Amino acid sequence: FETELPGSSDVRIRVWDFDHLGGLKDELVGEAALDVEDRWFSPVWQERFSQCAPIEVVPLKLKTTKAVQGELEVICEIMPAAMGEMWPISNVESIPARKYEVRMVVWDVVGAPNGDPVEEMSDMFVTATVPGVAGDQHQDTDVHWRAKDGSASFNWRMVFPIEFDPSKPELARIDINVWDFDPLEPWKARELLGATTLRQELLDEIDRVYTNASAASATDDDEQACPFGQCSLPALRHGCPACRGLAGRSHT
4 FETELPGSSD VRIRVWDFDH LGGLKDELVG EAALDVEDRW FSPVWQERFS QCAPIEVVPL
64 KLKTTKAVQG ELEVICEIMP AAMGEMWPIS NVESIPARKY EVRMVVWDVV GAPNGDPVEE
124 MSDMFVTATV PGVAGDQHQD TDVHWRAKDG SASFNWRMVF PIEFDPSKPE LARIDINVWD
184 FDPLEPWKAR ELLGATTLRQ ELLDEIDRVY TNASAASATD DDEQACPFGQ CSLPALRHGC
244 PACRGLAGRS HT
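All residue numbers for the sequence shown refer to the numbering used here, where the first residue is 4 and numbers rise by one.
Here is the structure:
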């Protein structure tokens, strides 16, 4: 888009629900407004973001309600018209899914409740589940028989081959459950002693591996280097503070 500043400079973005049946009108989900003039004449913007625009999260609203209809992630890049030809538009295609191998060791369980309150012990084992588009992967440890005081040791290795799609971060998690197994009554439902989910830890580890791999491949490719000399691109979710959002640039 081209505009003159000062002047009319609001960029209005509307999100619609498409009527694929064709019988009804498309429904407006919400809209957001970006004030280009406020950004361009802001000293903070000029100092921090004139060379590299940040990823902004703006609310989607409707005139018919005060409730927020969701959020929109955008990059608003502003430059003099003469710079538009000098700064080409970057590729904004989504990062493709990549294959990883997740290796996890279940060492110990401490502080779990006793499955048998009379004898104050449990026949304890641990399950780990990694969700996926093609189906869940599930693995168990062996059983620590007659574990006392809510403590058990396993030293059990688990390996999960996964394919991580950045557009589906909700699938990047490991669901871990601790169970009490009753060998005398195996038909009974297992008793759940505790559960947890590794989500952010897995995302951070994937991010680290992706960034390191990208940095290694960038050594022979100057186009992959950070233009500010502070990191290697592309990173999975972010680069250095100076180039955050660079991979999603577009002209405004």
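From the three backbone atoms N, C-alpha and C, an ideal C-beta is built for every residue, glycine too. As the structure is a prediction and not an experimental result, all values here were calculated from the model.
Opposing strand residues paired with residue 15 [DSSP bridges]: Counting from one through the sequence shown, the residue named residue 15 turns up at place 12. DSSP lists 36 as partners of residue 15.
Looking at residue 111: is its Cβ nearer than 8 angstroms to the Cβ of residue 154? Against the sequence shown, residue 111 aligns to sequence position 108. Against the sequence shown, residue 154 aligns to sequence position 151. It is a contact, given that the beta carbons lie within the stated cut-off.
For residue 54 and residue 205, I'd like the C-alpha separation in whole angstroms. Against the sequence shown, residue 54 aligns to sequence position 51. Against the sequence shown, residue 205 aligns to sequence position 202. C-alpha separation (whole angstroms): 32 angstroms.
Nearest CA to the CA of residue 117: which residue from 162, 128, 28? Along the sequence shown, read from residue 1 onward, the residue named residue 117 stands at position 114. Out of 162, 128, 28, 128 has the C-alpha closest to the C-alpha of residue 117.
Residue of 64, 45, 27, 57 minimising C-alpha distance to residue 16: Sequence index remark: in the sequence shown, residue 16 carries index 13 (1-based). Selected option, being the one with the closest Cα: 64.
If residue 266 and residue 158 are in contact, beta carbons under 8 angstroms, what's the gap, nearest whole angstrom? Nothing can be reported for residue 266, as the shown portion of the chain is limited to 4 through 255.
To the nearest angstrom, how far is the alpha carbon of residue 199 from that of residue 89? Residue 199 sits at position 196 when you count from the first residue of the sequence shown. Residue 89 sits at position 86 when you count from the first residue of the sequence shown. Taking the Cα positions, residue 199 is about 51 angstroms away from residue 89.
For residue 162, I'd like the list of residues in its chain whose CB is within less than 6 angstroms of its CB, leaving aside the five on either flank, ordered along the chain. Here residue 162 is taken as the residue at index 159 of the sequence shown, counted from 1. Taken in chain order, the residues that qualify are 106.
Only counting the same chain, and skipping five residues up and downstream in sequence, which positions put a Cβ closer than 8 angstroms to that of residue 74? For the purposes of this step, residue 74 is taken as residue 71 along the sequence shown, with counting starting at 1. Result list for residue 74: 60, 61, 62, 63, in chain order.
What do you get for residue 1, buried or exposed, if any count of 16 or more other CB atoms within 10 angstroms of its CB means buried? As displayed, the chain neither begins before 4 nor continues past 255, which places residue 1 out of reach and without an answer.
Extract the residue ranges of the beta strand (DSSP E) inside the region 120 to 150, only unbroken runs of 3 or more that lie entirely within it. 124 to 133, 140 to 143
Compare the C-alpha of residue 4 against each of 30, 82, 76, 34 and name the closest. Reading the sequence shown from its first residue, position 1 is the one you call residue 4. For residue 4, the nearest C-alpha among the options comes from 82.
For residue 108, the three-state DSSP class (helix, strand or coil): Residue numbering aside, residue 108 sits at position 105 when the sequence shown is read from its first letter. For residue 108, the three-state secondary structure derived from DSSP is strand.
Restricting to Cα atoms, I'd like to know which of 150, 160, 172 is closest to residue 142. Numbered from 1 along the sequence shown, position 139 holds the residue referred to as residue 142. Checked all of 150, 160, 172; the closest Cα to residue 142 is 160.
Put residue 225 into one of helix, strand or coil per three-state DSSP. Taking the first residue of the sequence shown as position 1, residue 225 is located at position 222. Annotation note: pLDDT 46 at residue 225 (below 50); position unreliable, coordinate value reported separately. In the structure shown, residue 225 sits in a helix (DSSP, three-state: H, G or I).
Using CA atoms only, rank isn't needed, just tell me which of 194, 77, 172, 151 is closest to residue 181. As a position in the sequence shown, residue 181 is number 178, starting the count at 1. The shortest C-alpha separation from residue 181 is found at 194.
Indicate the three-state DSSP secondary structure (helix, strand or coil) for residue 209 in the structure shown. Position 206 of the sequence shown holds residue 209. Helix.
From the DSSP secondary-structure annotation, give me the bridge partner or partners of residue 160. For this step, residue 160 is matched to residue 157 along the sequence shown. Note: residue 160 sits in a beta bridge opposite 108.
Sorted by chain position, which residues of the same chain lie with C-beta nearer than 6 angstroms to residue 2's C-beta, five sequence neighbours on each side aside? In the structure as shown, the chain begins at 4 and stops at 255. Residue 2 is therefore absent and cannot be evaluated.
Report the option in 28, 197, 178, 86 whose CA atom is closest to the CA atom of residue 134. As a working note, residue 134 is residue 131 in the sequence shown. Comparing Cα positions, the closest option is 178.
Quick one, which of 147, 78, 98, 144 has its alpha-carbon nearest residue 172's? On the sequence shown, residue 172 is found 169 positions in, with the first residue counted as 1. The residue with the shortest Cα to Cα distance from residue 172 is 98.
From what residue to what residue does the alpha helix (DSSP H) around residue 46 run? Mapped onto the sequence shown, residue 46 falls at position 43. Start and end: 46 to 51.
Short of 6 angstroms in beta carbon distance, which residues of its chain neighbour residue 166, apart from the five on each side in sequence? Order them along the chain. Numbered from its first residue, the sequence shown carries residue 166 at position 163. Once the five neighbours on either side are set aside, the close Cβ partners of residue 166 are 100, 102.
Report yes if the C-beta distance between residue 32 and residue 18 is below 8 angstroms; otherwise report no. The residue labelled residue 32 in the question sits at position 29 within the sequence shown. The residue labelled residue 18 in the question sits at position 15 within the sequence shown. Yes, these two residues count as a Cβ contact at 8 angstroms.
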